[in-house]
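Below is one structure, written out as structure tokens, with a few remarks after it.
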Amino acid sequence: MTGSPVVLGIESSCDETGAGLVRDGVLLGQAVASSMDEHARYGGVVPEIAARAHVHAMAPVIREALDRAGLSLADVGAVAVTAGPGLSGALQVGVAAAKGYAFSLGVPLYGVHHLAGHVAAATLDGGPLPNPSVVLVVSGGHTSLLLVRDLARDPIVHLGDTLDDAAGECFDKVARILRLPYPGGPAIDRAARDGDPHAVRLPRPLTGPRDDPYAFSFSGLKTAAARWVEAHRTAGTEPHVPDAAASLQEAVADVLTRKAVRACTDHGIGTLVVVGGVAANSRVRALAEQRCAAAGITLRVPAPRLCTDNGAMVAAVGDLLVRAGAGPAPAELSTDPSAPLEYAALTPLTRARAVAA
Ligand code: KG4
Ligand code: ZN
786 MTGSPVVLGI ESSCDETGAG LVRDGVLLGQ AVASSMDEHA RYGGVVPEIA
836 ARAHVHAMAP VIREALDRAG LSLADVGAVA VTAGPGLSGA LQVGVAAAKG
886 YAFSLGVPLY GVHHLAGHVA AATLDGGPLP NPSVVLVVSG GHTSLLLVRD
936 LARDPIVHLG DTLDDAAGEC FDKVARILRL PYPGGPAIDR AARDGDPHAV
986 RLPRPLTGPR DDPYAFSFSG LKTAAARWVE AHRTAGTEPH VPDAAASLQE
1036 AVADVLTRKA VRACTDHGIG TLVVVGGVAA NSRVRALAEQ RCAAAGITLR
1086 VPAPRLCTDN GAMVAAVGDL LVRAGAGPAP AELSTDPSAP LEYAALTPLT
1136 RARAVAA
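Anchor point for the sequence shown: position 264 equals 1049 in my numbering, and the numbering is continuous, going up by one each time.
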């Protein structure tokens, strides 16, 4: 095979085992297995169950991704894996598998930051991102507004982050209070279809004139929704779930898109990229589209299956790193469950050494 190598990407930071194959910015095939159903009765991800499920799913998922791409392991020229952030045991399964594949194939290994993976997912749907772009990353564990230049080479600038809960966490927690099934985000999205987004008055945190324009806060919104539900239950009436879901979704979508568009206009940047699990939300997508169109901003949101955790996004980062000539990770690459987002490549050991030197 000529040109750049096929990159195998492996994702296992939470409850999805993902494998994807990317070459030259093109997605060749991917597969995802989820242990979601095994966590549903606990109302949240149980780390040990997730790790064990990754052990069982890893090889079949990689095989399935290769089959879909019409490739075999011998075609793989590099391996990329999520080294952090995420659940420690879950990450270790992915990194161990990635090392096994890379060393047995004799190909380079790259450790990548999970959130950089979410950003890179947008390149698989519509091509390279303009430099610079404003990126809104909204997932179950993170909510950040970023200024991204060359993802493979430049440091990632944080314009703002959440001060407390992530947007996805807010959906998941309120869904639980509303007795909707786990995971909460998709359940809220479905329930909201039959609800009135203006039925419940919910706050728009940190949108006042003196507030940080790019910082987020979702714990007060969660509490306000919880109080509304409790007030109904104390009065002996069941809350109207579709109205609550639609109102919460509207508040989250309003705050996210308002701040993201503001970041673009303040910095004179013409492209907004919205990624991460919450970017699969129908109202977030629709409102982002509407507000970007009104402000003359180009919106890039990947297809929903590329928004939630997957291996293709990790392969996409690996592909960018390979083509940028980045050095591979050391053989001792380890996991970093709370890795801060600074660069797309994550080689915790090298970083620790650099700090020590
Ligand atoms: O990116 P992701 O798959 O995993 C993390 O890195 O956290 O994001 C998962 C989050 C969960 O909180 C889930 O409820 C939320 O994304 N989510 C959604 C939707 N699909 C997934 N939230 C709202 N609407 C959706 N359609
Ligand atoms: Zn994620």
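Beta carbons are placed, not taken as given, at the ideal position from N, Cα and C, and that holds for glycine. No experiment lies behind these values; they were computed from the predicted model shown.
- Per DSSP, residue 886 is one residue of the alpha helix (DSSP H) stretching across 873–890.
- Around residue 1091, the same chain offers 906, 909, 910, 1097 and 1098 as residues with beta carbons nearer than 7 Å, after the five sequence neighbours per side are excluded.
- Assignment of residue 819 by DSSP, reduced to helix, strand and coil, places it in the strand class.
- Short note on residue 899: C-beta closer than 7 Å to some heavy atom of ligand 1.
- Of all residues, those with a beta-carbon under 5 Å from at least one heavy atom of ligand 2 are 924 and 1094, reported in chain order.
- When the five nearest sequence neighbours on each side are left out, the beta carbons in the same chain lying within less than 6 Å of the beta carbon of residue 1108 are those of 789, in order along the chain.
- Counting along the chain, no beta strand (DSSP E) covers residue 1040; the unbroken alpha helix (DSSP H) around it starts and ends at 1026–1052.
- For residue 995, no alpha helix (DSSP H) segment is defined, and its DSSP state is neither H nor E.
- Less than 8 Å separates the beta-carbon of residue 1028 from that of residue 984.
- The Cβ atoms of residue 952 and residue 1063 lie closer than 8 Å to each other.
- In this structure residue 847 is in contact with residue 804, their Cβ atoms being roughly 4 Å apart against a cut-off of 8 Å.
- Between residue 818 and residue 844, the beta carbon gap of about 11 Å keeps them out of contact (Cβ cut-off 8 Å).
- Residue 849 is not bridged by DSSP to any residue.
- Excluding sequence positions up to five before and after residue 1095, its CB lies within less than 8 Å of the CB of 796, 801, 803, 805, 815, 817 and 906, all in the same chain and listed in chain order.
- Per DSSP, the continuous alpha helix (DSSP H) segment holding residue 899 begins and ends at 899–906.
- Judged by their CB atoms, residue 930 and residue 1007 are not nearer to each other than the 8 Å cut-off.
- Secondary structure of residue 830 (DSSP, three-state): coil.
- Residue 932 is bridged by DSSP to 919 and 942.
- Inclusion of residue 1049 and residue 1080 in the CB contact set at 8 Å is warranted, their separation being smaller than that value.
- Residue 972 and residue 1017 have their C-alpha atoms roughly 21 Å apart.
- Per DSSP, residue 975 is one residue of the alpha helix (DSSP H) stretching across 969–977.
- Closest by C-alpha distance to residue 1051, out of 919, 904, 855 and 1003, is 919.
- By the beta-carbon neighbour count (other beta carbons within 10 angstroms, threshold 16), residue 1003 is buried.
- When 902, 896, 839 and 892 are compared, the shortest CA-CA separation from residue 922 is found for 902.
- Sixteen is the threshold: since fewer than 16 other Cβ atoms of the shown chains lie within 10 Å of the Cβ of residue 964, the residue is exposed.
- Per DSSP, reduced to three states, the secondary structure at residue 1078 is helical.
- Across the set 880, 1035 and 830, the C-alpha of 880 shows the shortest separation from the C-alpha of residue 1121.
- Between residue 987 and residue 1036 a beta carbon distance of about 4 Å is seen, short of the 8 Å cut, so the two are scored as contacting.
- Note on residue 888: under 16 other CB atoms within 10 angstroms of its CB, so exposed under the neighbour-count rule.
- Between residue 1106 and residue 898, the CB-CB gap reaches or exceeds 8 Å.
- Set against 7 Å, the gap from the CB of residue 1081 to the closest heavy atom of ligand 1 is not smaller.
- Look at residue 1117: its beta carbon is at least 7 Å from all of the heavy atoms in ligand 1.
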